[in-house]
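Peer 1: Numbering (my numbering), first residue to last: 24 to 519.
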Ligand code: NAD
């Protein structure tokens, strides 16, 4: 047994629930009368956290604290800000195992994925510690020889961040790190299901020396906190990640308030498999990107579009792979797929499958809830494969669960058209050895991120991350974050 497995075994014992209050200039005491429980989705008998339910009045308090703190944080040199983020990265890396176990307990993903997420989150902090050093402006001549104009980027001021539960640590980290690096004060509203991971991030940043007033965190309901955060004139920008309907609602409100918006939303991402593809690589990518994180990734490959001549072979191999996956609690390293994050999430996926099958979708593997034995108290379901038609309702619906829909295409043109036929446009991929097909796909797939001979998932801190169509509004994140978190200023200078 490895040291890590021993840690997990120790963590398997029922733990005292973590108490999480709002952080506004300091940690607030949890008000039990207004608190809410977070339950372990692998075993709902375990209460993992007791969490404050912040109301709109706390939003006003947090925005006031942030508004007062923003000018001096914005004036702090980018190098000093970066030094704090770099320290936070090392603290997070040193606490990675504790943070990973918290994530798995809180939202269910398997421990191997939580470990990767903890380490990647430290990497995001390291990247944004350095990123502002590369901010470059442009210079321009003016009318006289002793005049010049140049551009610089200034912080927005106070930004509101609204995050989902599927990457409970790394999404709060990549937004917060970017916002702070470029000199903004932050009010973060994490998802109701995952305040613990977000609280651990706040702890790492505070321990690294971040002034507490610069980062507030408000656990609570989206529909209560969100509107107050978006509508306030103090909020200069909102960066949201979550579902498309909520993102669009936030954008409508933000437009009214004149707030800068960045929304990363849903996806119905496809992997196209051509007859000349390396099938071993394609199958492994599909299984990883379709069933990883129980299919609850915005970039999940929930559609597979296969050239007809190899459709039966690909389907057979996917059935074999799906049947070999072990479903169970994420803290047990033997499991490949954990629970869905909540009872509602599981119900939504099963309801969507019901609706899909009555509209003509065929289930070729799985499709049912799992509740026998040790799975009795969790939100588990079988990894599921469906055979579908492009004109069916389900073809355009994001399942956000362990469901992969297989479609047959006549040829490259047909596959490309199917890939582009949905309202979403987050990520796509093609497996082929034909360079012409690969390059046409890169140019004509209407998604913000395109992969060739790689899964649709994955994010690198230095590469812009974002989608097209119904998947994104506003500039990309990560490598493109400076566009959102700073505003352009043109300076016109005469020195004589
Ligand atoms: P969600 O839209 O239900 O919630 C996201 C966040 O918005 C939560 O913090 C929630 O509390 C808050 N919220 C809810 N109603 C609100 C309102 N009226 N005003 C303001 N905030 C509100 O999404 P979810 O279920 O947490 O996450 C799943 C979705 O997120 C999927 O569609 C997935 O594809 C998407 N997602 C996208 C990306 C990306 O980068 N494109 C990444 C991860 C997840």
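Here a beta-carbon is modelled for each residue, glycine too, at the ideal position from N, C-alpha and C.
#1: Looking at the structure shown, is residue 518 part of a helix, part of a strand, or coil, going by DSSP?
#2: Hey, is the segment 211-222 in contact with the segment 182-189, meaning 3+ C-beta pairs nearer than 8 Å?
#3: Exposed or buried, which one is residue 422 when buried takes at least 16 other CB atoms within 10 Å?
#4: Taking all protein chains shown into account, decide if residue 52 is buried (16 or more other Cβ within 10 angstroms of its Cβ) or exposed.
#5: Are there three or more Cβ pairs, one per stretch, closer than 8 Å when the segment 370-385 is compared with the segment 336-347?
#6: On the three-state DSSP scale, how would you describe residue 294?
#7: Reducing DSSP to helix, strand and coil, say where residue 355 ends up.
#8: Can you tell me whether residue 268 is buried or exposed? The criterion is at least 16 other CB atoms within 10 Å of its CB, across all chains shown.
#9: Does the beta carbon of residue 110 sit closer than 7 Å to a beta carbon anywhere in chain B?
#10: What's the C-alpha gap between residue 416 and residue 433?
#11: What residues in its chain sit with their C-beta under 8 Å from that of residue 420, if we drop five residues either side in the sequence?
#12: Around the Cβ of residue 470, are there at least 16 other Cβ atoms within 10 angstroms (buried) or fewer (exposed)?
#13: Considering only residues of the same chain and omitting the five flanking positions on each side of residue 516, which have a CB-CB separation below 6 Å?
#14: Can you tell me which of 87, 168 and 141 puts its alpha carbon nearest to the alpha carbon of residue 519?
#15: Should residue 188 be counted as a contact of the ligand NAD given a C-beta to heavy atom distance under 6 Å?
#16: For residue 131, which residues of its own chain have a beta-carbon under 6 Å away from its beta-carbon, when the five flanking residues on both sides are left out?
#17: Would the segment 85-103 and the segment 261-279 be scored as touching if the rule is three or more Cβ pairs under 8 Å?
#18: Quick one: grab the DSSP three-state call for residue 475.
#19: Determine the contact status of residue 452 and residue 474, defining contact as a CB-CB distance below 7 Å.
Peer 2: Working from what's here:
#1: coil
#2: The answer is yes - the segment 182-189 touches the segment 211-222, with three or more Cβ pairs under 8 Å.
#3: Around the beta carbon of residue 422, a 10 Å sphere encloses 16 or more other beta carbons of the protein chains shown; the residue is thus reported as buried.
#4: exposed
#5: The segment 370-385 vs the segment 336-347: no contact.
#6: strand
#7: coil
#8: exposed
#9: In summary, chain B is missing from the structure at hand, where a single protein chain is found.
#10: 21 Å
#11: Excluding residues up to 5 positions away in sequence, 291, 375 and 379 lie with their Cβ nearer than 8 Å to the Cβ of residue 420 in the same chain.
#12: buried
#13: 171
#14: 168
#15: yes
#16: Contacts found: 64, 65, 353, 361, 362 and 364.
#17: no
#18: strand
#19: yes
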